[in-house]
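Using this note's numbering, you'd call the opening residue of the sequence shown number 38 and step up by one each time. Beta carbons are placed, not taken as given, at the ideal position from N, Cα and C, and that holds for glycine. Quantities reported herein were computed from a predicted structural model and do not represent experimental measurements.
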Amino acid sequence: MKFLDEFERITSVIYEASVAPEDGWQDVSDALSEVFLEAAVVIDDNGIARQDDHFLKTSRFDLERVKTHFERFATAEENSGVRSLLTGPVSRAFDMRSGFEPGEWDRDPSVAAILQPQGITEGQLLVLERNDGRLTDLLIYRGQRGGAFSTKELRLINALAPHLKRALAIRRHLREMTEQMLEAQRLLQNVAGGLIMTDQAGRVIEASGSGRQALDSAAAIYVSQGRIRARHPAADRVLNAMFAGDFARGDEPMRLPGDDGHDYILWEFPASAANGLTDSVNRRVFGINLQAVSKGAPPLDLQRRYGLTQAEGEIAAAFALGASLGEIAEMRGNSVHTVRTHLKSIFAKTGTHRQSQLVALLHAP
38 MKFLDEFERI TSVIYEASVA PEDGWQDVSD ALSEVFLEAA VVIDDNGIAR
88 QDDHFLKTSR FDLERVKTHF ERFATAEENS GVRSLLTGPV SRAFDMRSGF
138 EPGEWDRDPS VAAILQPQGI TEGQLLVLER NDGRLTDLLI YRGQRGGAFS
188 TKELRLINAL APHLKRALAI RRHLREMTEQ MLEAQRLLQN VAGGLIMTDQ
238 AGRVIEASGS GRQALDSAAA IYVSQGRIRA RHPAADRVLN AMFAGDFARG
288 DEPMRLPGDD GHDYILWEFP ASAANGLTDS VNRRVFGINL QAVSKGAPPL
338 DLQRRYGLTQ AEGEIAAAFA LGASLGEIAE MRGNSVHTVR THLKSIFAKT
388 GTHRQSQLVA LLHAP
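Here it is, written out as structure tokens:
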């Protein structure tokens with residue numbers, strides 16, 4: 038088969054594998070193995086071709102054994118093969134013996150544990166990516182009967198390199214997009230149709246369902262000069278801090294008291310899910326309940342339900358409204374230490390451990 042025919046056939050397999058629902062790298066490994074005299078082909082530790090070949094015994098080239106071995110000898114100082122992968126050229130094939138000093142080959146632990154037992158004497162290493170802690174590689178090993186790699190073979194390996202790198206990037210991007218969409222779908226199931234989308238500064242870009250209803254009613258949140266604002270001063274301070282970059286993004290929902298006798302629960306989607314919904318890294322997505330929940334129990338009810346003291350009931354109610362320890366201390370004329378001590382007692386009496394659990398408990402029927 039001519040060089041161009043082989044190149045076109047294998048690149049076709051490579052790109053089919055990049056978008057295959059299942060991992061198609063085994064097909065790529067098999068196609069490469071046929072071209073390179075039934076060599077053992079390993080792509081990024083995702084499969085080995087020709088395991089049944091008589092000079093590449095399956096029991097000797099077991100990926101689990103290789104993994105176990107490299108857990109012991111995975112540094113460039115201990116392992117010359119690792120050093121070659123970490124220091125060799127990117128996107129250009131090089132001989133696996135590169136970097137070995139005279140006599141070092143036989144002393145290398147990987148050679149003794151993996152290569153020598155199965156008669157592997159030749160190998161080409163191709164590093165496709167090496168950045169941000171990611172190492173993607175293609176390894177082609179050949180036993181004694183295969184002999185040295187020909188000029189044509191080396192030319193083909195290097196011609197395929199950019200296509201392999203691109204296919205791996207496509208595969209990774211598709212997986213990331215799938216994960217983002219699945220995460221977004223899981224969150225959407227809990228939103229009941231209410232979304233608010235903003236930019237990084239809090240300017241409202243779009244709202245739907247109960248999100249639009251909440252903004253239109255302006256009972257708990259509203260838009261001022263394009264930015265989302267909250268009616269309750271403590272909640273508005275939290276919103277401002279969120280868009281000023283002083284708010285740690287997490288899974289804590291935000292309670293927005295409304296002047297219509299109800300409260301609204303607002304929470305932010307993780308960045309990955311927001312990206313999956315908006316195709317933009319500069320968007321933030323918030324979910325809001327379709328229906329407002331009943332207002333939290335007043336301090337007296339809290340005291341009766343959970344055996345709280347009067348001070349604990351008032352602090353629990355303020356904490357559930359989204360007020361910080363410092364804000365509660367200032368309102369009550371207490372020290373932050375005193376408020377924190379009360380809060381520990383509240384958590385213990387209510388059987389909760391964090392703000393989101395306390396909010397959920399206070400809204401329970």
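Measure the alpha-carbon distance for residue i versus residue j and round it to whole angstroms.
i: H200; j: R134; result: 25 Å
i: G246; j: A281; result: 27 Å
i: Q153; j: S70; result: 20 Å
i: I365; j: E213; result: 42 Å
i: R264; j: G239; result: 5 Å
i: R321; j: G156; result: 57 Å
i: L191; j: A150; result: 27 Å
i: S128; j: D236; result: 39 Å
i: L193; j: V65; result: 14 Å
i: T188; j: I51; result: 22 Å
i: D132; j: V56; result: 30 Å
i: L172; j: F323; result: 36 Å
i: R167; j: T158; result: 26 Å
i: L232; j: E243; result: 8 Å
i: A360; j: A272; result: 7 Å
i: G140; j: T112; result: 19 Å
i: R292; j: R208; result: 40 Å
i: P307; j: A196; result: 40 Å
i: A355; j: L395; result: 11 Å
i: R68; j: F44; result: With the sequence shown as reference, residue 68 is identified as Ala, and Arg is not the correct amino acid for it. The straight-line gap from Cα to Cα measures roughly 11 Å.
i: G136; j: R46; result: 33 Å
i: N277; j: G388; result: 31 Å
When we look at the beta-carbon of residue i and count the other beta-carbons within 10 Å, is it buried (16 or more) or exposed?
i: D145; result: buried
i: N326; result: buried
i: N312; result: buried
i: D300; result: buried
i: L303; result: buried
i: Q262; result: exposed
i: E216; result: exposed
i: F40; result: exposed
i: H210; result: exposed
i: G184; result: exposed
i: E138; result: exposed
i: P294; result: buried
i: E114; result: exposed
i: E108; result: exposed
In this structure, does DSSP put residue i in helix, strand or coil?
i: N312; result: helix
i: D296; result: coil
i: E108; result: helix
i: D89; result: With a pLDDT of 44 at D89, under the threshold of 50, the modelled position of that residue is not reliable, and no figure is offered here.
i: D64; result: helix
i: R179; result: strand
i: L74; result: coil
i: D236; result: strand
i: S261; result: strand
i: M291; result: strand
i: E37; result: Any answer about residue 37 is impossible in this case: the structure gives the chain only from 38 up to 402.
i: A353; result: helix
i: R27; result: Missing from the structure shown is residue 27; the chain here goes from 38 to 402 and no further.
i: D145; result: coil
i: A113; result: coil
i: A244; result: strand
Along the chain, where does the alpha helix (DSSP H) containing residue i start, and where does it finish?
i: V376; result: 373–387
i: P42; result: Correcting the residue type first, residue 42 is Asp in the shown sequence and not Pro. First-last of the alpha helix (DSSP H) with D42: 40–55.
i: G248; result: 247–254
i: L435; result: Residue 435 is absent from the structure shown; the chain starts at 38 and stops at 402.
i: R129; result: That residue, R129, is in no alpha helix (DSSP H); it is neither H nor E in DSSP.
i: M368; result: 362–369
Terminal residues of the continuous beta strand (DSSP E) containing residue i?
i: T346; result: Per DSSP, T346 belongs to no beta strand (DSSP E) and is neither H nor E.
i: R321; result: 320–325
Once the 5 residues before and after residue i are set aside, which same chain residues still bring their CB inside 7 Å of it?
i: V373; result: L362, G363, A366
i: A54; result: G61, W62, D64, V65, A204
i: N116; result: F110, D145, P146, S147
i: D174; result: D81, L122, L162, L163, V164, L165
Ordered along the chain, which non-local residues of its own chain (more than five positions away) have a Cβ less than 6 Å from that of residue i?
i: L160; result: Note that residue 160 is Gly in the sequence shown here, rather than Leu. Around G160: M133, Y178.
i: Y259; result: R266
i: V72; result: E43
i: L74; result: G183
For residue i, I'd like the list of residues in its chain whose CB is within less than 8 Å of its CB, leaving aside the five on either flank, ordered along the chain.
i: T48; result: L197, H200
i: I352; result: I365, R369, V376, H379, L380, I383
i: G344; result: K386
i: Q340; result: T346, Q347, E349, G350
i: L252; result: I233, V241, A244, I258, Y259, V260, I265
For the ligand PLP, I want to know if residue i counts as a neighbour, meaning its beta carbon is within less than 6 Å of at least one of the ligand's heavy atoms.
i: N116; result: This structure does not include the ligand PLP; it has no bound ligands of any sort.
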